[in-house]
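Going letter by letter, the sequence shown gives residues 160 to 471 in the numbering used here. Beta carbons are placed, not taken as given, at the ideal position from N, Cα and C, and that holds for glycine. In this text the structure is predicted, and so the values were computed from the model without any measurement.
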Amino acid sequence: MDGMNHSVVSEFVFLGLANSWEIQLILFVFSSMFYVASMLGNSLIMFTVASDPHLHSPMYFLLANLSFIDLGVSSVISPKMIYDLFRKRKVISFGGCITQIFFLHVIGGVEMVLLIAMAFDRYVAICKPLHYLTIMNLKMCILLLVAAWVIGLTHSAIQLLFVIKLPFCGPNLLDSFYCDFPRFLKLACTDTYSLEFMVIANSGFISLGSFFILIVSYSFILITVWKHSSRGSSKALSTLSTHVMVVILFFGPCIFVYIWPHPTSHLDKFLAVFDAVLTPFFNSVIYTFRNKEMKVAMRKVCSQFIAYRRIS
Numbered sequence: 160m161d162g163m164n165h166s167v168v169s170e171f172v173f174l175g176l177a178n179s180w181e182i183q184l185i186l187f188v189f190s191s192m193f194y195v196a197s198m199l200g201n202s203l204i205m206f207t208v209a210s211d212p213h214l215h216s217p218m219y220f221l222l223a224n225l226s227f228i229d230l231g232v233s234s235v236i237s238p239k240m241i242y243d244l245f246r247k248r249k250v251i252s253f254g255g256c257i258t259q260i261f262f263l264h265v266i267g268g269v270e271m272v273l274l275i276a277m278a279f280d281r282y283v284a285i286c287k288p289l290h291y292l293t294i295m296n297l298k299m300c301i302l303l304l305v306a307a308w309v310i311g312l313t314h315s316a317i318q319l320l321f322v323i324k325l326p327f328c329g330p331n332l333l334d335s336f337y338c339d340f341p342r343f344l345k346l347a348c349t350d351t352y353s354l355e356f357m358v359i360a361n362s363g364f365i366s367l368g369s370f371f372i373l374i375v376s377y378s379f380i381l382i383t384v385w386k387h388s389s390r391g392s393s394k395a396l397s398t399l400s401t402h403v404m405v406v407i408l409f410f411g412p413c414i415f416v417y418i419w420p421h422p423t424s425h426l427d428k429f430l431a432v433f434d435a436v437l438t439p440f441f442n443s444v445i446y447t448f449r450n451k452e453m454k455v456a457m458r459k460v461c462s463q464f465i466a467y468r469r470i471s
């Protein structure tokens, strides 16, 4: 019995995004539209990469896995948020809250490693082109993917091991629309200072450190591209700018939420909506419209689908 959680609280109540009916309606339309668009866009990227032999390369392999993770990012938070918008009492069970936190951090950890793997892939392609196929072979790609999932699972599980047994005696109001460590820990009826520091160290500083590593890496690659001007330099610059934009979109909200010493409720909520709803959509748009090979392959897949529908 000593190992069990002695919480009185069995559920948490979200305060949500807004109280105004008009704002809730706008948020409902906005969130639903971008959620559906991000699901369709990322699914299309995955299907296109899998079906087109010209895209069977390490860069597109990692891109397809990033799109899969973006599907998870959208699905962990957005459906519950959209469902709760017009509910007076926005409730989530204790187990549901823990599950949401677990998958949120698994997916975040995996995406972090995938973005670093994509930077490594571009470094090898641009700085060591003659050795690219030798270094970025299928074994290396699978190893990077396995490492991403192992790190993501470990990152999430370590934090939950310390948090899951905390006692929660009340209140049970979360000034948010989803569960995450910063606000969740504040509701525990015990001193959580050390755990809050652990979350900042585990999520915040890792995000900040990874962000700087990626920015330095891409800066080094960009300098290399400028020094060796060639026919492929414009294509390389376009690809790199795409990756940098995705890195900023992903890490910006994460760094603010976990490291900023004086969090603001409204700003936190805006960044959370941006991260959960807009970032997965923008990732698919950025990688699609700034990549000629992907656009050509998608047109081919869509035309084949339309032709198949007409025949059937």
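How big is the Cα-Cα spacing for D472 and R342?
The shown model of the chain, from 160 to 471, leaves out residue 472, and the question about it has no answer.
Hey, M277 and L333: beta-carbon distance below 8 Å or not?
For the purposes of this step, residue 277 is taken as residue 118 along the sequence shown, with counting starting at 1. For the purposes of this step, residue 333 is taken as residue 174 along the sequence shown, with counting starting at 1. Taking 8 Å as the Cβ cut-off, M277 and L333 do not qualify as a contacting pair.
Using only the alpha-carbon positions, how far apart do K459 and T398 sit?
Position 300 of the sequence shown, counted from the first residue, corresponds to residue 459. Position 239 of the sequence shown, counted from the first residue, corresponds to residue 398. Those two C-alpha atoms are separated by around 21 Å.
What's the gap between the Cα of D229 and the Cα of N442?
Here the question's residue 229 lines up with position 70 in the sequence shown. Here the question's residue 442 lines up with position 283 in the sequence shown. If I take the Cα positions, the gap works out to 8 Å.
Let me check understanding here. Comparing Cα to Cα, which of I372, I414, F336 lies closest to A360?
Sequence index remark: in the sequence shown, residue 360 carries index 201 (1-based). Comparing Cα-Cα distances from A360 to each of I372, I414, F336, the minimum goes to I414.
Cross-strand partners of E480 (DSSP beta bridge):
The structure shown does not extend to residue 480, since the chain spans only 160 to 471, so no value can be given for it.
Going by DSSP, name the residue or residues bridged to L332.
The residue given as residue 332 occupies position 173 in the sequence shown. DSSP lists V172 as partners of L332.
Rounded straight-line distance, which links the Cα of Y242 to that of L174:
On the sequence shown, residue 174 is found 15 positions in, with the first residue counted as 1. On the sequence shown, residue 242 is found 83 positions in, with the first residue counted as 1. If you take the alpha carbons of L174 and Y242, they lie about 14 Å apart.
Considering only residues of the same chain and omitting the five flanking positions on each side of M453, which have a CB-CB separation below 6 Å?
Start at 1 with the first residue of the sequence shown, and residue 453 comes out as number 294. Taken in chain order, the residues that qualify are T447.
In angstroms, rounded to a whole number, what distance separates the CA positions of L297 and E355?
One-based indexing of the sequence shown puts residue 297 at position 138. One-based indexing of the sequence shown puts residue 355 at position 196. The alpha-carbon atoms of L297 and E355 are separated by roughly 40 Å.
Three or more C-beta pairs under 8 Å: does that hold for the segment 286-302 against the segment 342-352?
no
Rounded to whole angstroms, what's the CA-CA distance from Y111 to L225? Just pull it up for me.
An answer regarding residue 111 cannot be provided, because it is not within the stretch 160 to 471 covered by the chain.
Are the CB atoms of E170 and V235 within a distance shorter than 8 Å?
Looking up residue 235 in the sequence shown gives position 76. Looking up residue 170 in the sequence shown gives position 11. Cβ atoms of V235 and E170: not closer than 8 Å.
In terms of alpha-carbon separation, which member of L319, F364, L199 lies closest to L344?
To locate residue 344, count along the sequence shown from 1; it is residue 185. Among L319, F364, L199, the Cα nearest to that of L344 belongs to L319.
Between which residues of its own chain and M271 is the CB-CB distance below 6 Å, once the five residues before and five after are set aside?
For the purposes of this step, residue 271 is taken as the residue at position 112 of the sequence shown. Answer for M271: S369, listed in chain order.
Please report how far the alpha carbon of F279 lies from the alpha carbon of V172, in whole angstroms.
As a first step, residue 279 is located in the sequence shown; it is residue number 120 there, counting from the start. As a first step, residue 172 is located in the sequence shown; it is residue number 13 there, counting from the start. Approximately 43 Å between the Cα atoms of the pair.
In whole angstroms, what separates the C-alpha of V432 from that of M404?
Start at 1 with the first residue of the sequence shown, and residue 432 comes out as number 273. Start at 1 with the first residue of the sequence shown, and residue 404 comes out as number 245. Rounded to the nearest angstrom, the two C-alpha atoms are 18 Å apart.
Quick one: grab the DSSP three-state call for R246.
Looking up residue 246 in the sequence shown gives position 87. If DSSP states are grouped into helix, strand and coil, R246 belongs with coil.
Leaving aside the five residues before and after F464 along the sequence, list all residues of the same chain whose C-beta is less than 8 Å from its C-beta, in chain order.
Along the sequence shown, read from residue 1 onward, the residue named residue 464 stands at position 305. Excluding residues within five positions, none has a Cβ falling inside 8 Å.
Rounded to the nearest angstrom, how far is the Cβ of I204 from that of A223, given a contact under 8 Å?
As a working mapping, residue 204 is identified with position 45 in the sequence shown. As a working mapping, residue 223 is identified with position 64 in the sequence shown. With a Cβ gap of about 6 Å, I204 and A223 count as contacting.
Might you give, ordered along the chain, the residues of its own chain that have their beta carbon closer than 8 Å to the beta carbon of I418, omitting 5 neighbours on each side?
Position 259 of the sequence shown, counted from the start, is the residue given in the question as residue 418. Hits under 8 Å: I359, G363, F364, S366, L367.
Have a look at F336 and H314 and give me their C-alpha separation to the nearest angstrom.
Taking the sequence shown and counting its residues from 1, the one referred to as residue 336 is at position 177. Taking the sequence shown and counting its residues from 1, the one referred to as residue 314 is at position 155. Near 23 Å, if we compare the C-alpha coordinates of H314 and F336.
Beta-carbon of F227 versus every beta-carbon of chain B: anything under 8 Å?
No chain B appears in this structure, which consists of one protein chain only.
Considering just the uninterrupted stretch of the alpha helix (DSSP H) at N201, what are its terminal residues?
Numbered from 1 along the sequence shown, position 42 holds the residue referred to as residue 201. Where N201 is concerned, the enclosing alpha helix (DSSP H) stretches over 180-210.
How about S233 and M198: do their beta carbons lie closer than 8 Å?
Taking the sequence shown and counting its residues from 1, one reaches residue 233 at position 74. Taking the sequence shown and counting its residues from 1, one reaches residue 198 at position 39. Yes, they are a contact pair.
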